[in-house]
Amino acid sequence: MYILGIETSCDETGVAIYHSTKGLVHHNLYSQIEMHNEYGGVVPELASRDHIRKLVPLIKQTLLESKLVNTNIAGIAYTAGPGLMGALLVGATTAKSLAWTWQIPAIAVHHMEGHLLAPMLEDNPPAFPFIALLVSGGHTLLIQVDGVGQYTQLGESLDDAAGEAFDKTAKMLGLGYPGGPKVSKLAEKGSNRFKFPRPMTDRPGLDFSFSGLKTFTMNTFNKTEKTDQDKADVAYAFQQATAETLSIKCKRALQQTGLKTLVIAGGVSANTKIRAELLKMTKKQQATLFFPRLEFCTDNGAMIAYAGCQRLMAGQLENLEILCKPRWPIDSLVKI
Ligand code: KG4
Ligand code: ZN
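If you use the working numbering, the sequence shown corresponds to residues 71 to 406, in order.
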């Protein structure tokens, strides 16, 4: 069966069609990055207004390019949270209205479950159980995954998310939004000059904290002349500290659970330094690392269509009520 997936939780309008046996058919993404860049970050009201403009034409385009019509679609999956309320409402109301008109089911998908399952879209997907490190603009989560919907949260960030720390560091260095790719590019020109802390690695546990690292980054940068080389060296040190901190916690999670598979997903998993650091660690632990292709690390409709398809195939249904959950703990999801 063909499932239409809709993602509108933040600053990307994503639409995809996934087939339960043939896999991903097609996907399209419209990014609002250019619009928000002017303001140095996502402006929620502008995000909602842009999703309203772009979503329906993108659905039409995706159906046309897939050579499918509405009668081919068996269900609609939409991101119901976590995310920006106004942005989520656009996807949810569109999905529910189309589903009612087309007389097919619609299913709410948890955005982070979408990220977590994104590596399943690849040719060589990971097998359950595994440890997942979810690193995005709003979340840093370590989860034991025993199956779809069987999530045990092992750790989380007590303050800023990893992506947020990248974005704030970029702002500090005058690099614009979104910060992750920009800090990463600048770090290539940096040298190993500063030693930054690896927060919360000197005590037991699997939680993270990135706000102290952000302050340390700012204080270090303010003590320099703020030349281009200073900026690159600060970006290098920040990225190295983040990569090593994530790696130390993932190693701990693997050792603690005895699992040998690590999945990394979410926008920050696009970072090549972090991938390299985790690859090095998993090799030493005789574990295997899985991650989505680059375009499915950041927000997209394909991961939502995939997650929704699994839930609809398992018979999960919902009523006509439009429910969005800007806050939605991942370990409260229904097991399938
Ligand atoms: O998953 P995502 O697209 O949206 C959320 O669910 O938040 O993640 C966006 C975050 C942003 O903070 C962005 O700066 C970060 O992912 N990001 C990166 C890279 N690409 C995106 N961070 C580090 N390195 C990257 N290459
Ligand atoms: Zn995301």
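In this text, a Cβ means the ideal position worked out from N, Cα and C, and glycines have one as well. In this text the structure is predicted, and so the values were computed from the model without any measurement.
Once the 5 residues before and after residue i are set aside, which same chain residues still bring their CB inside 8 Å of it?
| i | result |
| --- | --- |
| residue 79 | 149, 151, 152, 153, 154, 157, 158, 161, 181, 369 |
| residue 104 | none |
| residue 98 | 84, 85, 86, 128, 131, 132, 135, 371 |
| residue 266 | 283, 286, 287, 290, 307, 308, 310, 311 |
| residue 396 | 151, 152, 153, 154, 155, 158 |
| residue 300 | 291, 294 |
| residue 356 | 330 |
| residue 263 | 303, 306, 307 |
DSSP three-state label for residue i, please.
| i | result |
| --- | --- |
| residue 180 | strand |
| residue 494 | The requested residue 494 does not occur in the structure, where the chain is confined to residues 71 to 406. |
| residue 357 | coil |
| residue 304 | helix |
| residue 230 | coil |
| residue 90 | coil |
| residue 97 | strand |
| residue 210 | strand |
| residue 73 | strand |
| residue 352 | helix |
| residue 285 | helix |
| residue 294 | coil |
| residue 224 | strand |
| residue 215 | strand |
| residue 103 | helix |
| residue 127 | helix |
| residue 396 | coil |
| residue 136 | coil |
| residue 390 | coil |
| residue 122 | helix |
| residue 115 | helix |
| residue 384 | coil |
| residue 405 | coil |
Compute the Euclidean distance between the alpha carbons of residue i and residue j, then round it to the nearest angstrom.
| i | j | result |
| --- | --- | --- |
| residue 127 | residue 120 | 12 Å |
| residue 123 | residue 165 | 15 Å |
| residue 293 | residue 191 | 46 Å |
| residue 407 | residue 258 | Limits of the chain in this structure are 71 at one end and 406 at the other, which puts residue 407 out of reach. |
| residue 177 | residue 288 | 43 Å |
| residue 114 | residue 303 | 33 Å |
| residue 111 | residue 118 | 14 Å |
| residue 94 | residue 193 | 11 Å |
| residue 101 | residue 253 | 19 Å |
| residue 394 | residue 163 | 10 Å |
| residue 243 | residue 74 | 40 Å |
| residue 281 | residue 305 | 16 Å |
| residue 245 | residue 313 | 20 Å |
| residue 249 | residue 240 | 5 Å |
| residue 183 | residue 400 | 7 Å |
| residue 260 | residue 297 | 12 Å |
| residue 398 | residue 137 | 35 Å |
| residue 96 | residue 108 | 31 Å |
| residue 328 | residue 186 | 20 Å |
| residue 82 | residue 227 | 24 Å |
| residue 402 | residue 147 | 18 Å |
| residue 268 | residue 91 | 44 Å |
| residue 229 | residue 343 | 23 Å |
| residue 198 | residue 345 | 21 Å |
| residue 273 | residue 326 | 14 Å |
| residue 210 | residue 202 | 10 Å |
Using a Cβ-Cβ cut-off of 7 Å (strictly less than) and excluding sequence neighbours within five positions of residue i, which residues of its own chain qualify?
| i | result |
| --- | --- |
| residue 276 | 212, 224, 225, 319, 322, 323 |
| residue 142 | 72 |
| residue 406 | 218, 219, 380, 381, 384, 386 |
| residue 364 | 340 |
| residue 271 | 315, 318 |
| residue 417 | Nothing can be reported for residue 417: it is not among the residues displayed for the chain, which extend from 71 to 406. |
| residue 366 | 188, 191, 372, 373 |
| residue 222 | 213, 214, 401 |
| residue 279 | 227, 228, 229, 269, 270 |
Looking only at its own chain, which residues have a Cβ that is under 6 Å from the Cβ of residue i, when we skip the five neighbours before and after it?
| i | result |
| --- | --- |
| residue 206 | 233, 336, 337 |
| residue 140 | 172 |
| residue 360 | 189, 196, 333 |
| residue 331 | 196, 200, 358 |
| residue 238 | 284 |
field: Segments assigned alpha helix (DSSP H), at least 4 residues, entirely inside the segment 138–204
entry: If we require 4 residues or more, the alpha helix (DSSP H) runs fully inside the segment 138–204 come out as 155–172, 181–187.
- request: Could you tell me whether the segment 327–344 touches the segment 232–244, using the rule of 3 or more Cβ pairs below 8 Å?
  value: Three or more Cβ pairs drawn from the segment 327–344 and the segment 232–244 lie within less than 8 Å of each other, which places the two stretches in contact.
- prompt: Between the segment 370–386 and the segment 77–93, are three or more C-beta pairs nearer than 8 Å?
  reply: The answer is yes - the segment 77–93 touches the segment 370–386, with three or more Cβ pairs under 8 Å.
query: Does the segment 379–395 come close enough to the segment 351–361 to have 3 or more Cβ pairs within less than 8 Å?
result: Under the three-pair Cβ rule at 8 Å, the segment 379–395 does not count as touching the segment 351–361.
task: Note down, one range per segment and in chain order, each alpha helix (DSSP H) of at least 4 residues found wholly within the segment 247–281.
output: Runs found: 249–257.
query: Which residue spans inside the segment 312–381 form an unbroken beta strand (DSSP E) run of at least 3?
result: Along the length of the segment 312–381, whole beta strand (DSSP E) runs at least 3 residues long occupy 331–335, 358–360, reported in chain order.
field: Contact shell at 5 Å, judged by CB to any heavy atom of ligand 4, ordered along the chain
entry: Among the ligands modelled here, namely ligand 1 and ligand 2, ligand 4 does not occur.
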